Every structure is written in structure tokens, then in C-alpha cells.
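**Student:**
Numbering (the UniProt record's numbering), first residue to last: 1 to 178.
Here it is, written out as C-alpha cells:
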């Protein structure tokens, strides 16, 4: 149902099934990033998402994010350079609303997640860049030679953007090309 990729390593599959909706896989450190994705021909209902968790040595599981039918893969950066041993990656299929709520709690600090604050200007640039990249594909020449974008394209971007935020509220806070 799911697979994991660590850069420089082969695809890790299958994950060990603890229950019909929970899966785990052990990975050997060091790793900086993991990619979790749905295997081809695997379909999650649109009402559900798969929350992704990690457990470092001598620590409890903590939530990283989620994947869903709308977002079938995700890349997670890990801060595990100084750690030794193995980590456990957990995947749990749950109702999408529950997953979105927990992701929001983790990203606001209620879930014990840590992260650096991203400045307002950086966030604004990332939002505008996301909108510009989406909307530029709808640009057409207007009557006076100016480029125009249909208002419906903006509405479509907003729906897509809200869904991204719902599934992964911290996506704008991750480092990128600024």
C-alpha cells in the first residue's frame, strides 16, 4: 500500500502491517530525508488520509505530515544527523479531518513539534509564488495586449491552496527557493 525512499537507498516496501490501518517500517540511520508515497493502484478514499509518524531512538512517535488521494506522496526532512541506530516510520490511515487537526496542532507547537519561525515576508513570498506559478498557466492576451487571467483560475488556485494547507499546514515553512 505504501513505500518509503531514503536518498541513496532502494525503495523500502512492503511496510509491516500492525492492523489493517496501521503500518510501520524500520530504517537505519543516518538519514536526512524520507519520501513516503502510495504505491501504484493503491487508492485511499477521499475522506481519509495517511498520517506519517517517526520514532527516533529513545523517543516517542511524532507526526511528520500526511499523504492522501489528493497528495499521494510527501518528502520529509529529518533532523537525525547526530543520532545512531534505527528509526521507526509509522503510517496510519484515518479520517482526513482528524489528520488535518493533528497536523495543525503539531505545527503550532501543541503536539510538541519544534521548528524555526519563518518570517512574514518569506511566507508572503511563498504564497504569492505558489499563486503566480499556478495562475500563469491560465494567462491570455487581453484586448489591449495585457495578459489576463480568468477569475475562475484564481478561485481554483484558492481551493487547491486551502487543500494543501489542510493536508500539510507547515508546507510554507519548509525551506525552499526564496
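Where is the CB? At the ideal position from N, CA and C, for every residue including glycine.
Being a predicted model, the structure only gives us computed values, none of them experimental.
Which residues bound the beta strand (DSSP E) around residue 77?
**Tutor:** Its beta strand (DSSP E) spans residues 73-77.
**Student:** DSSP three-state label for residue 34, please.
**Tutor:** It is a strand residue.
**Student:** Going by beta-carbon coordinates alone, are residue 157 and residue 134 separated by less than 8 Å?
**Tutor:** Yes. Within cutoff.
**Student:** When you compare only the Cα positions, how much space is there between residue 111 and residue 22?
**Tutor:** Below a pLDDT of 50, predicted positions are generally treated as unreliable, and residue 111, at 43, falls in that range; no measurement from the model is reported.
**Student:** With DSSP as the reference, please indicate the residues paired to residue 23 in a beta bridge.
**Tutor:** Paired residue(s): 17 and 91.
**Student:** When the Cβ atoms of the region 55-66 are set against those of the region 2-11, are three or more pairs found closer than 8 Å?
**Tutor:** They do not touch, by the three-pair rule.
**Student:** Answer yes if the region 130-149 comes into contact with the region 98-106, meaning at least three C-beta pairs across the two stretches below 8 Å, and no otherwise.
**Tutor:** No, the region 98-106 is not in contact with the region 130-149.
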